[in-house]
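Protein chains in written order, with the numbering used here: chain Z, 9 to 369; chain Y, 9 to 369.
All C-beta atoms in this analysis are idealised placements derived from N, C-alpha and C, irrespective of residue type, glycine included.
Predicted model only: the values in this text are computed from it and were never measured.
So the structure is just underneath, and the comments pick up after that.
Protein chains: 2
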Amino acid sequence: MCDHTQQLPREQTRQVQVGAVVIGGGAPIPVQSMCNTKTTDVAATLAQIRDLAKNGCDIVRVTVPTQAAADSFVQICAASPLPVVADIHFDWRLAISAIKSGAAAVRINPGNIGSFDHVDAIIDAAGEVGVPIRIGVNAGSLDKAIAEQDKLSIADKLVHSAISFTDHLERRGFYDFVLSAKVHGVPETIETNRRLSQELPHVPLHIGVTEAGTRRQGTVKNSIALGVLLAEGIGDTIRVSLTDDPAEEVRVGWEILSAIGLRRLHPELVSCPTCGRTQVDLIGIARQVEQRLQQVRTPISVAVMGCVVNGPGEARGADIGVACGKGQGMIFVKGKTVRKVKEDEIIDALFEEIDRRWPSS
Amino acid sequence: MCDHTQQLPREQTRQVQVGAVVIGGGAPIPVQSMCNTKTTDVAATLAQIRDLAKNGCDIVRVTVPTQAAADSFVQICAASPLPVVADIHFDWRLAISAIKSGAAAVRINPGNIGSFDHVDAIIDAAGEVGVPIRIGVNAGSLDKAIAEQDKLSIADKLVHSAISFTDHLERRGFYDFVLSAKVHGVPETIETNRRLSQELPHVPLHIGVTEAGTRRQGTVKNSIALGVLLAEGIGDTIRVSLTDDPAEEVRVGWEILSAIGLRRLHPELVSCPTCGRTQVDLIGIARQVEQRLQQVRTPISVAVMGCVVNGPGEARGADIGVACGKGQGMIFVKGKTVRKVKEDEIIDALFEEIDRRWPSS
Numbered sequence: 009m010c011d012h013t014q015q016l017p018r019e020q021t022r023q024v025q026v027g028a029v030v031i032g033g034g035a036p037i038p039v040q041s042m043c044n045t046k047t048t049d050v051a052a053t054l055a056q057i058r059d060l061a062k063n064g065c066d067i068v069r070v071t072v073p074t075q076a077a078a079d080s081f082v083q084i085c086a087a088s089p090l091p092v093v094a095d096i097h098f099d100w101r102l103a104i105s106a107i108k109s110g111a112a113a114v115r116i117n118p119g120n121i122g123s124f125d126h127v128d129a130i131i132d133a134a135g136e137v138g139v140p141i142r143i144g145v146n147a148g149s150l151d152k153a154i155a156e157q158d159k160l161s162i163a164d165k166l167v168h169s170a171i172s173f174t175d176h177l178e179r180r181g182f183y184d185f186v187l188s189a190k191v192h193g194v195p196e197t198i199e200t201n202r203r204l205s206q207e208l209p210h211v212p213l214h215i216g217v218t219e220a221g222t223r224r225q226g227t228v229k230n231s232i233a234l235g236v237l238l239a240e241g242i243g244d245t246i247r248v249s250l251t252d253d254p255a256e257e258v259r260v261g262w263e264i265l266s267a268i269g270l271r272r273l274h275p276e277l278v279s280c281p282t283c284g285r286t287q288v289d290l291i292g293i294a295r296q297v298e299q300r301l302q303q304v305r306t307p308i309s310v311a312v313m314g315c316v317v318n319g320p321g322e323a324r325g326a327d328i329g330v331a332c333g334k335g336q337g338m339i340f341v342k343g344k345t346v347r348k349v350k351e352d353e354i355i356d357a358l359f360e361e362i363d364r365r366w367p368s369s
Numbered sequence: 009m010c011d012h013t014q015q016l017p018r019e020q021t022r023q024v025q026v027g028a029v030v031i032g033g034g035a036p037i038p039v040q041s042m043c044n045t046k047t048t049d050v051a052a053t054l055a056q057i058r059d060l061a062k063n064g065c066d067i068v069r070v071t072v073p074t075q076a077a078a079d080s081f082v083q084i085c086a087a088s089p090l091p092v093v094a095d096i097h098f099d100w101r102l103a104i105s106a107i108k109s110g111a112a113a114v115r116i117n118p119g120n121i122g123s124f125d126h127v128d129a130i131i132d133a134a135g136e137v138g139v140p141i142r143i144g145v146n147a148g149s150l151d152k153a154i155a156e157q158d159k160l161s162i163a164d165k166l167v168h169s170a171i172s173f174t175d176h177l178e179r180r181g182f183y184d185f186v187l188s189a190k191v192h193g194v195p196e197t198i199e200t201n202r203r204l205s206q207e208l209p210h211v212p213l214h215i216g217v218t219e220a221g222t223r224r225q226g227t228v229k230n231s232i233a234l235g236v237l238l239a240e241g242i243g244d245t246i247r248v249s250l251t252d253d254p255a256e257e258v259r260v261g262w263e264i265l266s267a268i269g270l271r272r273l274h275p276e277l278v279s280c281p282t283c284g285r286t287q288v289d290l291i292g293i294a295r296q297v298e299q300r301l302q303q304v305r306t307p308i309s310v311a312v313m314g315c316v317v318n319g320p321g322e323a324r325g326a327d328i329g330v331a332c333g334k335g336q337g338m339i340f341v342k343g344k345t346v347r348k349v350k351e352d353e354i355i356d357a358l359f360e361e362i363d364r365r366w367p368s369s
């Protein structure tokens, strides 16, 4: 999909380090999410961070809306297995507090952080200890003077706001930042990030569709927007926003990276839609296989096919696969039939072969 | 996303009519699915077709693998509220039978339908009664002579197979067909359809990712591939393949068309990912709103926001919205606050306002 003879936009961005995780300059694309626990509930927040880590999250964000939250934030950073980004709105002093508390980065929003004097205080504090900043522009909370310019499109407003802010940071000699500009619309998200990538070719971009909705709609919107952008080489780190469990954001993020072949955490599952030919409980089998594959971290491809039309063909193309017939399954490994088993033995037999042949998993 | 000053590829394709539904030539993009009931179980198949219709399905496919299925197929076509496409593999006589039984179209697969003599018999029978054909090429069931050419990429094989087949139909004077070429990989799906659109600019394309997997992975893969293609103007009808309930395929299909602004069935829901600032059960509220919006068929935008950061901004940008604070919600209509209600009254109040202001829904 990408022309690899010329450099991709994301290979030209500066590298920024968030904890031990590198963003930009062609580094593997980190998957981010955000806690939805109360930050003052340290135990619940750490439990959620551990769950996110287990699902493959690389960087986590935690809101710091009050001084009480800032106090808890110290303990969260100290015990977190992932680098923690402090999410700051309105109050620049909380950003300074978070920087001193062990934040791996701070996210500030040009639309609501106030005057450039306050921004400069944050920049200086961050620069002193080497903590990067994420500039998070959002269509729902633009600076009022920009938001009210009715002649500008949403993309115009986001790009304009982002550039005036990044310019300010760079003029002060601060380059250790990542930029995001988010909106809930897919075409607007694509246009905004294409323009940012052109106008600011050296700035690493955090991409995502914000307020994308519940699981189905949010998954679709993020997949399209991030799929289009990543395939064009745009985007250095991703966050899928869903009105759902944050772990689901991470799982969808990995599916997006896997689908375009950029980064893979688990085996690829190839499974057919069922039809009137299917003679086994294929939906049930595929779901169970998918769940057990979550424990396997070898990037093999696994086919679960319901009939003789495409079944043997796809199962042969995969590293391992099963083509199901009436009450039974044929297990293929690299194109050769290795076992014929009864329906209720398919899943165990499949994983026996996976464990035996790819033992590192 | 598309440059509307020049003609899109899909505006240049021939129109093909499947029942009362038009595919191609820039017509609204129909959403398709396929039954996974036994075709011989007429009652179950018709119940599923009615459920698919309720979810917005435009065209449904039903497998016809045996003569017994062909016998049931007559009754299904007679009672179906949607045009029914017969899915035929291996046996050309079943295609002829389906054409005579009231099929709105027949889908045949060049990889397994046998000699061109048999194909010609199908073409002639279809031409005689004006039934269109869908040519369905699939990477898992290519003609053996093509499948075994190791030097060709998957996209090469699919395009080559598709063109040799469409050429044959056109040489026989038959133009009433739609073409699909499917594979389970996203980059291969995109490349194949881009090439088909260039090589066969007048042939309407049915696009989709096949064997895309279970709900999450399948939704992601179809969203990316169809999103990229549709945004480039490629694709005249879609089917999302999922190893899941076919109605979910239709719901995801509509989400894809809505997200890129091509076609919309329900209101747009804008809802934020929750975070540590959220003081209401926003996931629960958003899910309930989403469900009730399924009954509304006016293309308004509805925002459900969890806090004061982006909440009022997004809620103001929507036709109607609620910004939630501690135990309460502010309802906005076209940017103006109209009501302030308690948390447990938010959903009812929102739908009271929707019903009152957009009564056609």
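Nearest-angstrom Cβ-Cβ length linking residue i and residue j, presumed shorter than 8 Å
i: residue 242 of chain Z; j: residue 232 of chain Y; result: Between residue 232 of chain Y and residue 242 of chain Z the Cβ distance is about 14 Å, and since that is not below 8 Å, they are no contact.
i: residue 139 of chain Y; j: residue 114 of chain Y; result: 7 Å
i: residue 187 of chain Y; j: residue 211 of chain Y; result: 5 Å
i: residue 169 of chain Z; j: residue 145 of chain Z; result: 5 Å
Cβ-heavy atom distance, residue i to the ligand NAD, below 7 Å
i: residue 208 of chain Y; result: The ligand NAD is not among the ligands present in this structure, which contains no ligands whatsoever.
Contacts around residue i, its chain only, beta-carbon distance under 6 Å, and the 5 residues preceding and following it disregarded
i: residue 12 of chain Z; result: Note that residue 12 of chain Z scores a pLDDT of 45, beneath 50, so its modelled location is shaky and nothing firm can be said.
i: residue 260 of chain Y; result: 227 and 248
Within-8 Å CB hit, residue i to chain Y
i: residue 351 of chain Z; result: no
i: residue 93 of chain Z; result: no
i: residue 252 of chain Z; result: yes
i: residue 201 of chain Z; result: no
i: residue 63 of chain Z; result: no
i: residue 225 of chain Z; result: yes
i: residue 300 of chain Z; result: no
i: residue 285 of chain Z; result: yes
i: residue 279 of chain Z; result: yes
i: residue 343 of chain Z; result: no
i: residue 212 of chain Z; result: no
i: residue 174 of chain Z; result: no
i: residue 149 of chain Z; result: yes
Cutoff 8 Å: residue i Cβ touching any chain Z Cβ
i: residue 231 of chain Y; result: yes
i: residue 268 of chain Y; result: yes
i: residue 337 of chain Y; result: no
i: residue 46 of chain Y; result: yes
i: residue 178 of chain Y; result: no
i: residue 369 of chain Y; result: Low local confidence applies: a pLDDT of 49 at residue 369 of chain Y is under 50, so the model's placement there is unreliable, with the coordinate-based value given in what follows. Chain Z, which has no Cβ nearer than 8 Å to the Cβ of residue 369 of chain Y, makes this no.
i: residue 243 of chain Y; result: no
i: residue 264 of chain Y; result: yes
i: residue 97 of chain Y; result: yes
i: residue 36 of chain Y; result: no
i: residue 11 of chain Y; result: Any reading at residue 11 of chain Y needs caution, since the residue's pLDDT is 45, under 50, leaving its predicted position unreliable; the model's value is listed next. Not closer than 8 Å to any Cβ of chain Z, the Cβ of residue 11 of chain Y fails to qualify, so no.
i: residue 275 of chain Y; result: no
i: residue 249 of chain Y; result: yes
For residue i, the first and last residue of its enclosing alpha helix (DSSP H)
i: residue 65 of chain Z; result: Run containing residue 65 of chain Z: none; DSSP gives neither H nor E here.
i: residue 152 of chain Z; result: 152-155
i: residue 146 of chain Y; result: Where residue 146 of chain Y is concerned, there is no enclosing alpha helix (DSSP H), although the beta strand (DSSP E) it sits in stretches over 141-146.
i: residue 16 of chain Y; result: Neither: residue 16 of chain Y is in no alpha helix (DSSP H) and is coded neither H nor E.
Residue range of the unbroken beta strand (DSSP E) whose run includes residue i
i: residue 233 of chain Y; result: From DSSP, residue 233 of chain Y is part of no beta strand (DSSP E) but of the alpha helix (DSSP H) over 223-239.
i: residue 49 of chain Y; result: It is not in any beta strand (DSSP E) - residue 49 of chain Y carries neither H nor E in the DSSP assignment.
i: residue 189 of chain Y; result: 185-190
Nearest candidate by alpha-carbon position, reference residue i, set the options
i: residue 90 of chain Y; options: Y/110, Y/104 and Y/75; result: Y/110
i: residue 182 of chain Y; options: Y/157, Y/143 and Y/198; result: Y/143
i: residue 136 of chain Z; options: Z/107, Z/119 and Z/152; result: Z/107
i: residue 317 of chain Y; options: Z/60, Z/40, Z/99 and Z/166; result: Z/99
i: residue 47 of chain Z; options: Z/180, Z/145 and Z/79; result: Z/79
i: residue 332 of chain Y; options: Y/128, Y/326, Y/223 and Y/349; result: Y/349
i: residue 102 of chain Y; options: Y/85, Y/73, Y/42 and Y/122; result: Y/73
i: residue 340 of chain Z; options: Z/334, Z/319 and Z/351; result: Z/319
Cβ-based neighbour list, residue i, same chain, cut-off 7 Å, excluding 5 preceding and 5 following
i: residue 10 of chain Z; result: Because residue 10 of chain Z carries a pLDDT of 43, less than 50, the predicted location of this residue cannot be relied on, and the following value inherits that uncertainty. Same-chain partners within the cutoff: 16, 239 and 241.
i: residue 35 of chain Z; result: 23
i: residue 124 of chain Y; result: 176
i: residue 258 of chain Y; result: 39, 41, 60, 63, 64 and 65
Nonlocal neighbours in the same chain, by C-beta distance under 8 Å from residue i, ignoring five residues either side
i: residue 356 of chain Z; result: none
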